[in-house]
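Peer 1:
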Amino acid sequence: MAFSVELGLIILFSILGGVLAVRFKQPSVLGLIIVGAIVGPNTLGFIKDASLINISIEIGAVLLLFTVGIEFSLQKLLNLGLRVVFIASFKLGFVFLVSYYSALLLGLSLLVSLYIGVIISITSTVIVIKILDQKWLLKREELPLLVAILILEDIFGVFALAFFSSLNTSLDLSPLNLFTGLMVSLTLMVSAYLVLQRLLKPALKWLVKYSTEDTITFMSLGLCGGMSYLASLLDLSPSVGAFLAGNIVASLPNSSMFQRAIHPFILTFTSLFFFSIGTLVNFNIILGNLSIVLLLFLVNILSKFFSVGFGSYLFTNFSGKQAVFSGIAMLSVGEFSLLIARESADVGLGIDLVSLTSAIIILSSISMSALINYSEKIYNLTTRIIPTRVKENTRLASKYLNSVSWGMLVDKTKTRRITLEWKKIINNIIAVFFILAASFFFWHFFQSYAQTFLRSNLIVYATTIFVFLALFFPALNIIRNTSHLIKDILGFFVRIYPSEIANEKRIFRNIMFLLFLFVVLVLLPGVLLFFQISLVYHIAVGFLTIIFLIYAFRASHLIHSVTKRHERTFDKFSKKYKLLLRNRIKSKNKTSNDPANSQK
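Structure follows, in structure tokens:
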């Protein structure tokens, strides 16, 4: 009886939270979290049943990730373009680094800082779309780019969730246990996904022919539940399995039927998910760590505003006002951050990340909703603050990179070759991953047999040579294809202005080295934690940052001098790129809005 009463209260308060949020022109997610926190066991105590709360969270999270999986397709990811990948990678990496080292400066541990860095780096797709929809801003020219970035961030969120869900307890953090467990779990999960994708696609096509909407709903829920259960058996978050189930459905030609059939369940249970997460929030924890919450909130606002605004201005056809709007629109923290924060409860970090994350979500979403109305004033303020030299360098760098992008769009043959090289690199990386994973899988489950089998030195040498050769050829292909890829990209840099080939090659080398340094800086915290290296060695980050800034200054100076000497030519190429890109976006929007196409 008490269970049904609390379930009724959850539904009642969820409705109240959504209504109040809409009344105050905020996304319903905020109202659900705040009302859940007020009526939850840590405050008024109207909702106390921990098992009911956990069930609501699990079901809501699974259906939420199932939706993300349905809306994602590999082809859509490949069609996003390099500029979106650069902006998303720069934003994720920059925000992660700033958040991670801010958490360390606050005295938090390496693992807690790693969690916080990942939590803050991901922007909420749900909140961004809800706020822009409420403010009638969904038709702005910047939105396709922002949605593409959010898609990439969702994929990153799935991988982050898989990683953190493999950390069952703090005792499992030894490098070998962590790496082996994660490799085995991911390999089994991906293998099951590939097998089921092959087997289920023809079966589902046949079933759809003779199914009603009710049976399609049950098929969707059954596939989602089955993959979630498989993920939990492999010590991964059930949400990861739900995402892969959604991706299987997305690969079907009639995936929209499944999406329509399950849509009412998704709306209901995702609302319950945010409300139930809210019931876990402890206001005493937030007040006790208020300085940490406020500092991380400021870090989130400033780092996302800079990374998205700067990246979108540098790599796209956006004006300064559009870049500022994009930076403000991506401020909120959201659903993946909550899922990752909840996974931290099983690791024993000694800090309530769910409460802290919820507080940052509320503050960042309200800030985004308020600031988006003043984007033009913020742009004017930003232009007054930024030094003239920096503005000039950024403007010229944007023209230069737009000219390179125009060359890529026009030369379809070389662009197609770059795409093929990139696909070959990905395929060979997957091959290396599966070879390593198969080795770890065999050692993990058949260790006693392996030790018996490898008693002879001859067998040990033969096995080592076999594994080496199996890894050697795909690794060699990765090196060779990467070399071809770099040469092809270099061709777009040196063809802009033939008389500046020497300088353009220097610019390209500097940019490649900057990309390499940035990747090293982003990966270094995880490597230091993984191998349990002393905190003192983080001083290497300082040296690498100084080197990064030196090379960034060199590249900026070179681009400034080359573009300034031939500004009229670069201005012409940049305008052509902007016009071509704008026409492509209009064409895509027209196609997507065409009723005839939407019915296919």
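Here numbering that gives the first Met the number 0 is used: the first residue of the sequence shown is 0, the next is one more, and so on. Beta carbons: idealized from backbone N, C-alpha and C, even for Gly. Everything numeric in this text was worked out from a predicted model, so none of it was measured.
#1: Should residue 18 be labelled buried (16 or more other beta-carbon atoms within 10 Å of its own) or exposed?
#2: Spell out a yes or no on whether the region 92-101 and the region 334-341 are touching, meaning 3 or more CB-CB pairs, one atom from each, closer than 8 angstroms.
#3: Within 10 Å of its beta-carbon, does residue 478 have 16 or more other beta-carbons around it, so buried, or fewer, so exposed?
#4: According to DSSP, simplified to helix, strand and coil, what is residue 122?
#5: I need the DSSP call for residue 332, collapsed to helix, strand or coil.
#6: Let me know the secondary structure DSSP gives residue 556 once reduced to three states.
#7: Following the continuous alpha helix (DSSP H) through residue 524, name the residue where it begins and the one where it ends.
#8: Tell me which same chain residues have a C-beta within less than 7 angstroms of the C-beta of residue 149, skipping the five on either side of it?
#9: Please classify residue 135: does DSSP put it in a helix, a strand, or coil?
#10: With a threshold of 7 angstroms on Cβ separation, who are the neighbours of residue 60 within its own chain once the five nearest residues in sequence on each side are excluded?
#11: DSSP three-state label for residue 377, please.
#12: Could you tell me the distance, in whole angstroms, from the CA atom of residue 20 to the CA atom of residue 47?
#13: Residue 509 and residue 553: beta carbons closer than 9 angstroms?
#14: Given a cut-off of 9 angstroms, decide if residue 434 and residue 481 are closer than it, judged by their beta-carbon atoms.
#15: Give me the residue from 457, 349, 318 with the minimum Cα distance to residue 394.
#16: Tell me the residue span of the alpha helix (DSSP H) that contains residue 97.
#17: Return yes when the Cβ of residue 507 is within less than 9 angstroms of the Cβ of residue 530, no when it is not.
#18: Could you pull out every residue in the same chain whose Cβ sits closer than 8 angstroms to the Cβ of residue 414, ignoring the five residues on either side in sequence?
#19: Rounded to whole angstroms, how far is the Cβ of residue 371 from the Cβ of residue 134, which I believe are closer than 8 angstroms?
#20: Looking at C-alpha atoms only, which residue of 432, 219, 241 is the closest neighbour of residue 649?
#21: Hey, out of 5, 24, 114, 539, whose CA is closest to residue 364's CA?
#22: Would you please state the rounded distance, in angstroms, between the beta carbons of residue 308 and residue 89? I believe it to be under 8 angstroms.
#23: Measure the Cβ-Cβ separation of residue 484 and residue 429 and say whether it is below 9 angstroms.
#24: Tell me whether residue 25 sits in a helix, a strand or coil according to DSSP, three-state version.
Peer 2: The relevant details are as follows:
#1: In summary, residue 18 is exposed, with fewer than 16 beta-carbon neighbours lying within 10 Å of its beta-carbon over all protein chains present.
#2: No: fewer than three Cβ pairs fall under 8 angstroms.
#3: That one is exposed.
#4: Three-state result, residue 122: strand.
#5: Here residue 332 sits in strand by DSSP.
#6: In the three-state reduction of the DSSP assignment, residue 556 falls in the helix class, which pools H, G and I.
#7: Its alpha helix (DSSP H) spans residues 500-529.
#8: For residue 149, same chain residues with a beta-carbon under 7 angstroms away, outside a window of 5 residues either side, are 122, 124, 127 in chain order.
#9: Coil.
#10: Correct list, in chain order: 238, 272, 338.
#11: Residue 377 falls in the helix class under three-state DSSP.
#12: About 24 angstroms.
#13: In contact: residue 509 and residue 553 (Cβ atoms closer than 9 angstroms).
#14: Not a contact, by the Cβ cut-off of 9 angstroms.
#15: Per the Cα distances, 318.
#16: Secondary structure note for residue 97: its alpha helix (DSSP H) is the uninterrupted segment 81-104.
#17: In this structure, residue 530 sits away from residue 507, with a CB-CB distance that is not shorter than 9 angstroms.
#18: For residue 414, where only same-chain residues beyond five positions count, the Cβ hits under 8 angstroms are 407, 408.
#19: Taking 8 angstroms as the upper bound for CB-CB distance, residue 371 and residue 134 are in contact here, some 6 angstroms apart.
#20: This structure cannot settle anything about residue 649, because the visible part of the chain is limited to 0 through 599.
#21: It is 24 whose Cα lies nearest to the Cα of residue 364.
#22: Contact flag wrong, Cβ pair sits at about 11 angstroms.
#23: For residue 484 and residue 429, no; Cβs fall outside 9 angstroms.
#24: Here residue 25 sits in coil by DSSP.
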